[in-house]
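Here's the structure we're looking at; comments come further down.
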Amino acid sequence: MSEEQTVSLVDVLKEDEELEEEASAVLAGSDSDHCSYPQGYVKRQALYACNSCRPKGGEAAGVCLACSYKCHEGHDLFELYTKRNFRCDCGNRKFTELQCKLHPEKEEVNRLNKYSHNFFGVYCTCSRPYPDPEDQVEDEMIQCVVCEDWLHGRHLGRVVPDCVELQEMICELCMNKNPFLWTYAAHLSVPGAAVQVKEERDADESNTNLPIKEEKGDEVIEPSCKRSREEVEPSCRLMELQTIGQKRVQSGAVFWPSGWRSKLCSCTTCKECLSEAGLSFLLDESDTVLAYENKGKTNEQRQQSHDPLMSVLDNLNHVQQLEIIHEGGGETDFVADLLATPFWRRTFEEKLDIVSKGRPTPQLALTQPGKGFVRHFKSSNYERYSWLTGSENSCKLYCWECLLFATERLGVWSYTGFANLSCLSKAATRHQSTVGHLQATVLLKTFGETRVDLQLDEQFRKETELHNEKVKKNREILKRLIDCVIFLGKQELSFRGHDESKESTNKGNYVELLSFVAEQDTDLHYHLSTNEVFTGTSGTIQNDLISAIAEVMGEEIRREINQAPFVAVMVDETTDVGNTAQLALVVRYVTDTGVKERFVRFDDVTGNKRADDIAALLIRFLKDHDCLDKVVAQCFDGAAVNASGLNGVQAKVKEKAPLALFIHCYAHWLNSVLTKGVSKLRECRIFFSQLNGLAVFFSRSPKCSQLLKDICQRRLPRVAPTHWHYSSRLVNTVFEKRAALQELCQHVLEHHDEYDEESVRCADSYKAHLENFEFCFLLSTFHRIFEYSDVLFGVLQNRKLDVQFCLKRVDEFCDTIEREKGLFADTFEATVCETGAPSAQRGQTEGDIRLQYQKLHSDILDNIVVQIRNRFKDHEKLMFLSLLDPQQFRAYQKKFPDSVFSGLTQSHGSLFDDLTRLKTELTVMYAMADFEGKSPDDLLAFLQQNDLVESMRQLYALACLAVTIPISTASVERTFSALKRIETYSRSTTGEARLSSLASMAIEKDFLLELKRTDKLYNRVIELFVNKGRRMDFVYK
């Protein structure tokens, strides 16, 4: 028989000291006597959530340490440990029947407080209580320093490192919400946490595009600039880390060592980014929980005298101390043992043994400082309260009956423990009169007569089963609501109705669709007809579901971007029906299934159209998605962007992302250039407005359209603002049929009694335009320009990979436009012959008029040439695309294109790990018939489908780069066609956030349906939806 292990008094005192020190670290940093509300939003304090005072289905609320003692003593409290920037809620509007005893005068709500599911007693991504009576796995809980949620170690997505340096943790969700933290993680996180590091090439090879610094001694001399050395801002630590190129797997939680915050960049730009992300506290070393705990320990040491038991040992001589250490023994702490292994988990024989032994009544060293004195716990209290017991380990008091049989297993007397000696008598008297205590007393007295333990376990099991069954039904109802939101969103239909009352015959598409689905779904019909707490039809519920769905889509897009090798950003703008300038942000990248173009969101830029504003918005967007260092192309269009100065915007983006080439699709380039070339000239703007009006006039009524067909034998195309070739067709048609159109207008005027007044007025106006010298002069000028631009348009559409050929045609077009200046006289004289000489204003001579039109003619041509040159200056850096031109493969097989490859090395060499290997892989591609005739898109698919990505890694990177650069802006145009439809169907009260969320569902409907085919969408949407606090149960026990 083995000898029983002896526990010495020193061991007991040491363990007791450690527990007391741990409690002091958390609580001593907070005031236990005064409500913290007057201090405002306290930097960090211990918090509790009262489950007893919060109304059923009520809002989340937190109370300070003092209020937990004075106002919520004996209540069912959830211990939240510490939270930052929180103001005590005790007694405010969230507590309908409670007034704070310490500070009763408070505002109705603390609007800056942040709440989570912790305030409802659940933690981690699994939303389970702690401790969890159903969880048999021993696991530690670790708090995220950002969201301050507590997560199980096994749910962090990473193995918790066994490292003494470990101080703080940031969960994966918070890391993905703030992607720039991944860059720091690659360099600062705790080693050994399963970090996968990929080293890039030597700095000399990888930083070929960075500014060259001259070193002299210990000084680093920056390249010359206009500002003096003293005026140059400190370098950005974050950008330096990004330049190094060290990578890590961007998944799972990240563990940080002590002092890591001091290594974060604190430059002005990074401070602003941290502030916008709500992470300024990361630069504050005193914000850490460790700093708070150290402060608490210091305060406790100042307030409390030396432990009396340790004083006894200090007064003994060395021999007496040794006698106690070697001979002294200790008894088992039964209460601590019951807290570790609850009574209900034990066998019937063990329970009988515990009940027969009765309650332990240990002598507790429980003290509490008062004003000028110290309270000590007296053992006579055990005689006064027959149910009172205590734990030497925790140095707290408990109820023996409730410890064994309480149905509420997380109460103060049954789990947390009571230690407030100042109100022990009052609390004990109140507790022994509660229903729970009386029930537990009856169960203890009758234990053994019947198998109550089995009844309790069975009752708890049944309650859990009923709860989970109810949650399952509620989640199925919520899925039907999500389905309706997705259907209306992807079909671009409005949600709300003008009259949603019970008497209305049209309550809006959302409510009517729910009612229609309920006709075939008995569970949904029963829910809608009986549930008065949560029907799911309110505008708030609709908005929350729309927002949650869009957020899930955004999270998935972020995940795809994080895994993509390169990213292109595409920006376009339009004005909605409310005259609001909306900027669409679209990203293009490659995934395992091919190239993707994803609409991300709209931004209102009505009041911020300057180049600095547009560029700052774009850079902030790229930083938010942690892809600034991946951007290889930027693509712009739209009035707001043009008005801000395209050159200024793209140049500022290039300062942050040097490889972000200024790109449009080739045909769209030409359209945008010519459009902008005339938008600056008042006469041209008026001309195209009149021309478009002419087309609208003859197409708005069947009678006018038929008359046009009879006289001109063709219809007039309408001008589209982003399709210049439509303008070309209209100009050419009006130029060729001008006489017939004049005859048509004259016919309407002569038969005015057959047409409405508006038609007669328009016919008279457009007849005058067709006879006006300036209109006809511009018509003839643009007709000549379009003869050349139409040819160039076709070349750019069909030869987009032959960059050298396209550049040559662009140069030829510019030379031709320059020569047109010498043909002004021909255009002017021809117009005079058709319409007569232009009218002269007062004081003008015939020569003055001729010079005026010659200047207008020259301005139009100069504007077009200048814009063409500016737009195509980055085009030369795309010469490398010809390496993947399938029409050139046979020629390259005979002679490798060394000059083109050299250009790729100079412009984008830093993006490839091994340029020598790339050349070899290109040579293999040119020589093999398997690759013949494959465009870059086809090549990418071929490599992915045949598992050749790793084998030909450099070729795959080149294909990804080629397809990421947006040769077509179809995505952006698709975005705005959807925007206009959404604005047509949406109510005028639609806000920017709701509009952007609806647009995501409408524009990315294929992506949305792809997510819907898995439970990933439903589960994550429900999780986000429930986080806002609902009046129905959606969380499983």
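Just so we're aligned, residue 8 is where the sequence shown starts under the working numbering, counting upward by one. Note that the Cβ used here is the ideal one computed from N, Cα and C, for glycine as well.
What does a CB cutoff of less than 8 Å around residue i pick up in its chain, not counting 5 residues either side in sequence?
i        : result
Leu-290  : Arg-268, Leu-271, Ser-273, Lys-278 and Leu-281
Asn-1034 : Ser-123 and His-124
Ser-766  : Phe-704, Ser-708, Cys-711 and Val-755
Asp-771  : Cys-752 and Leu-756
Between which two residues does the alpha helix (DSSP H) carrying residue i extend?
i        : result
Pro-943  : 943 to 952
Gln-144  : Inspection of the sequence shows that residue 144 is occupied by Val rather than by Gln. Per DSSP, Val-144 belongs to no alpha helix (DSSP H) and is neither H nor E.
Gln-913  : 905 to 915
Lys-77   : 72 to 77
Gln-961  : 960 to 971
Gln-446  : 442 to 452
Ala-588  : Careful: Ala-588 lies outside any alpha helix (DSSP H), inside the beta strand (DSSP E) at 588 to 598.
Leu-163  : Per DSSP, Leu-163 belongs to no alpha helix (DSSP H) and is neither H nor E.
Phe-523  : 516 to 525
Arg-857  : 853 to 878
Asn-699  : 689 to 704
Asp-530  : 529 to 537
Arg-1027 : 1022 to 1033
Leu-625  : 618 to 631
Met-932  : 922 to 934
Phe-831  : 831 to 842
Identify every residue that forms a DSSP beta bridge with residue i.
i        : result
Trp-263  : Glu-175
Arg-382  : Gln-375
Arg-1126 : Residue 1126 lies beyond the range of the chain shown here (8 to 1044); nothing can be said about it.
Val-638  : Val-574
Glu-86   : Tyr-55
Asp-579  : Ala-591
Ile-149  : Leu-158
Tyr-130  : Arg-135
Phe-355  : Its beta-bridge partners do not exist; DSSP assigns none.
Leu-4    : Since the first residue shown for the chain is 8 and the last is 1044, residue 4 is missing from the structure and cannot be characterised.
Might you give, ordered along the chain, the residues of its own chain that have their beta carbon closer than 6 Å to the beta carbon of residue i, omitting 5 neighbours on each side?
i        : result
Ala-447  : Glu-408, Cys-409, Phe-412 and Ala-413
Ser-1004 : Ile-553, Ser-554 and Ala-557
Arg-988  : Residue placement at Arg-988 is poorly supported in this model, since its pLDDT is 41, which falls under 50; the coordinates still yield a value, given next. Closer than 6 Å at Cβ, skipping near neighbours: Glu-499.
Leu-666  : Val-639
Asn-569  : Gln-257
Ser-1007 : Ala-557 and Met-560
Determine the extent of the beta strand (DSSP E) in which residue i is found, giving its start and end residues.
i       : result
Ser-398 : 395 to 398
Asp-610 : 601 to 611
Tyr-899 : It is not in any beta strand (DSSP E) - Tyr-899 instead sits in the alpha helix (DSSP H) that spans 896 to 901.
His-159 : 157 to 159
Leu-404 : 403 to 406
Looking only at its chain, what residues have a beta carbon closer than 7 Å to the beta carbon of residue i, apart from the 5 residues adjacent to it on each side?
i       : result
Asp-866 : Leu-688
Thr-996 : With a pLDDT of 38 at Thr-996, under the threshold of 50, the modelled position of that residue is not reliable, and no figure is offered here.
Arg-924 : Gln-961
Ala-948 : Gly-601
Asp-551 : Phe-1032 and Lys-1035
Gln-895 : Ser-889
Glu-206 : Residue placement at Glu-206 is poorly supported in this model, since its pLDDT is 38, which falls under 50; the coordinates still yield a value, given next. Contacts found: Gln-253.
For residue i, verify whether its CB is less than 7 Å away from any heavy atom of the ligand SAM.
i       : result
Leu-428 : Here there are no bound small molecules, and the ligand SAM is not part of this structure.
Under 8 Å: do the segment 831 to 840 and the segment 900 to 919 share three or more Cβ pairs, one atom per stretch?
no
Are the segment 493 to 510 and the segment 542 to 561 in contact at 8 Å, needing three or more beta carbon pairs?
yes
Just checking, does the segment 140 to 152 make contact with the segment 95 to 112 on the three C-beta pairs under 8 Å criterion?
no
Between the segment 475 to 484 and the segment 510 to 520, do three or more beta carbon pairs fall short of 8 Å?
no
Touch test, the segment 929 to 949 against the segment 911 to 919, Cβ-Cβ under 8 Å, three pairs minimum:
no
Meets three-Cβ-pair contact criterion under 8 Å: the segment 465 to 473 and the segment 489 to 501:
no
Taking contact to mean 3 or more Cβ pairs, one atom from each stretch, closer than 8 Å, check whether the segment 844 to 862 and the segment 892 to 902 are in contact.
no
Determine contact between the segment 52 to 59 and the segment 71 to 87, defined as no fewer than three beta-carbon pairs at a distance below 8 Å.
yes
Any beta strand (DSSP E) of 3 or more consecutive residues that is wholly inside the segment 775 to 822:
none
So does the segment 419 to 434 actually touch the segment 352 to 361, counting three or more Cβ pairs closer than 8 Å?
no
So does the segment 1014 to 1032 actually touch the segment 100 to 112, counting three or more Cβ pairs closer than 8 Å?
no
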